[in-house]
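Quick note: the sequence shown uses our numbering, first residue 1, plus one each step.
Virtual Cβ for every residue (Gly too), placed ideally from N, Cα, C.
The structure appears below as structure tokens.
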Amino acid sequence: MDEPFTIGELTLCTDVRPADWAVSATLSSEWGNVGRMLPPVFATHARLFHPPFKTVDGVEQEISWREVALANGRVPHPGMQWPYVTGSWSFFNDEQPGIWNRPPEEGTLPLRQVTRLAHLLAPHTTTPEECWFAVWDGFGDLNLPVEDEEIPRVEMPARSMLLLEGPLRAATTSFSDTSWWGRYASLWWPQDRAWCVATDVDLMSTYIGGSAKCVTALLADEDLEIMEIPLTHRLGWDGDTINPPPTGKRPW
């Protein structure tokens, strides 16, 4: 590229060394747990559940995983998994009449949650004007120059990412022109590394690492469904060790 590529307030980086700390930290963790996706260098960690939706009188509204779990006689807890709280694999991508009509988004945190999370994290960094945003280059709808193989990548475990820099408020920048729900950063953190946010393409949750004070503030917020989670929590469906396994056959 002759000129820096920009999108909104973000600039695409041709030097990805600012992400070296995150790559090296995650590579030192056990495969399949939170520390393999989120740099395991923070005092405390939290899980933000992407909301399912229920249509009431023709209007779609957010509900919580807790509501879905209780409606199905399941236990809401930090390690709960979507098929386990719905009770059946048949509900994985389909509605569960009377309880929910649209499942949580996979691979991206919805805009309302991104906006609120960025607002809550702002007081917990000294560098809100200097932040880094990495996005998985395997999404098929990115409005970024993913076809340019000369642009260096952030090589997170099993996820190659493009890196951009800009202010924290730019966390609401969508990297897709076609996805009606938006496509937001997969990994983002401030220059002072006071916290870090990670959303994997295959997951319905976002994970945050930060100080005890930071995570306590997140847990106290009533606009987001967040629970504290141990770094060793398994990310797979079998990470739910409390609820009974879902019935039926897995859809893949």
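Local Cβ density within 10 Å of residue i, reported as buried at 16 or more and exposed below that
i, result
"Y242", "This sequence places Ile at residue 242; Tyr is not what is there. Counting Cβ neighbours within 10 Å, I242 comes out exposed, since fewer than 16 surround it."
"K54", "buried"
"A69", "buried"
"T26", "buried"
"P104", "buried"
"V154", "buried"
"Q61", "exposed"
"V34", "buried"
"T14", "exposed"
"R250", "exposed"
"G166", "buried"
"E222", "exposed"
Beta-carbon proximity list for residue i, same chain, < 8 Å, skipping 5 on both sides
i, result
"T206", "R47, L48, H50, L109, Q113, L117, V197, A198 and T199"
CA-to-CA distance, residue j to residue i, given in whole angstroms
i, j, result
"S29", "V56", "43 Å"
"W100", "P52", "7 Å"
"L120", "A217", "7 Å"
"D192", "I208", "15 Å"
"P83", "P4", "43 Å"
"I63", "V201", "22 Å"
"S88", "M204", "17 Å"
Among the options, nearest to residue i - alpha-carbon criterion
i, options, result
"V215", "E3, T14 and T125", "T125"
"T6", "P40, A122, L144 and P128", "L144"
"T86", "P78, G79 and E95", "E95"
"E149", "W132, S160 and M156", "S160"
"V59", "H45, A71, R102 and L219", "R102"
"A22", "M80, A194, L142 and G107", "A194"
"L187", "L142, L219 and C131", "C131"
"M156", "L168, A134 and E222", "A134"
Residue i - partner residues in DSSP beta bridges
i, result
"V262", "There is simply no residue 262 to check, as the chain begins at 1 and stops at 252 in what is shown."
"I208", "A46 and V197"
"N33", "R234"
Contact set for residue i: own chain, Cβ-Cβ below 6 Å, skip 5 residues either direction
i, result
"R66", "P76"
"V16", "P152, V154 and L163"
"G107", "V201"
Own chain residues within Cβ distance below 7 Å of residue i, not counting five before or after
i, result
"T91", "The sequence as given places Phe at residue 91; Thr does not occur at that position. Answer for F91: no residue qualifies."
"Q81", "W237, G239 and D240"
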